[in-house]
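Trainee:
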Amino acid sequence: MNFPPSPHGLLLAGGCSRRMGKDKSSIRYSGATQPEIAAELLLSRCTEIFLSLRKGQNNATGLENLNVVHDRWESAGPLVGILSAMTEYPEASWLVIACDLPFIDKITLDNLLAQRDPTKMATAYRSSHDGKPEPLCAIYEAHARLVLEDFFTNGIRCPRKILIETDPLLLNPVSPRALDNVNTPEDYEDAVHALSSR
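Every number in the working numbering is 1 more than the matching position in the sequence shown, counting from 1.
1) Can you say whether I140 is buried or exposed, counting buried as having 16 or more other CB atoms within 10 angstroms of its CB?
2) Report back the beta-carbon spacing between I163 and F152 to the nearest angstrom; my notes put them in contact at under 8 Å.
3) Could you tell me if G16 is buried or exposed, where buried requires 16 or more neighbouring beta carbons within 10 angstroms of its beta carbon?
4) For F51, is the classification buried or exposed, using 16 other Cβ atoms within 10 angstroms of its Cβ as the cut-off for buried?
5) For I108, count neighbouring Cβ atoms within 10 angstroms of its own Cβ and tell me buried if that reaches 16, exposed if not.
6) Go ahead and pull the three-state DSSP assignment for T124.
7) For S76, which of helix, strand or coil comes out of DSSP?
8) Rounded to whole angstroms, what is the Cα-Cα separation between M122 and P136?
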């Protein structure tokens, strides 16, 4: 049986964090930033790890040793980060993780990699809240770039909407809350409380 090459890892840390009021990539959980925690999870699972930042953004993640991919387009949003990485390294597939997933864990990533279908444009989880695709903890195959570019060119910039309109492999979540994200100070307080009680 032929296994696909390990994907590159992409940590999305280029958002503006308007609802949080400060850069989410600099927020610490148990002494480490979320990108530091995610990078540690990716180290043994990916060939290389890259940090996705918007144009002109300072790296506040604590990961100065990582290669950085800056957004190629001004338009904000995670699709720009994903497409920028795919354009710079067109032969690579990408395991993408957002910087606001404090509950992400080994089980979730290992299952994603084990169930990966390289014939699909992406392998992702279904949301435990609404059953829709979770695009920011997913594997995007190299051949997905042209599909993503087509949506981007036609003004569709939402990765979730793209996964809804295409045919990714969707998996059921294996770890409760693993894909819950943190967007507001209230979300952050809830996450800190939940993590401290584990």
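In this text, a Cβ means the ideal position worked out from N, Cα and C, and glycines have one as well.
Mentor: Judging by the given coordinates:
1) buried
2) Indeed, because the Cβ distance is near 5 Å, the residues count as touching under 8 Å.
3) buried
4) buried
5) exposed
6) strand
7) coil
8) 12 Å
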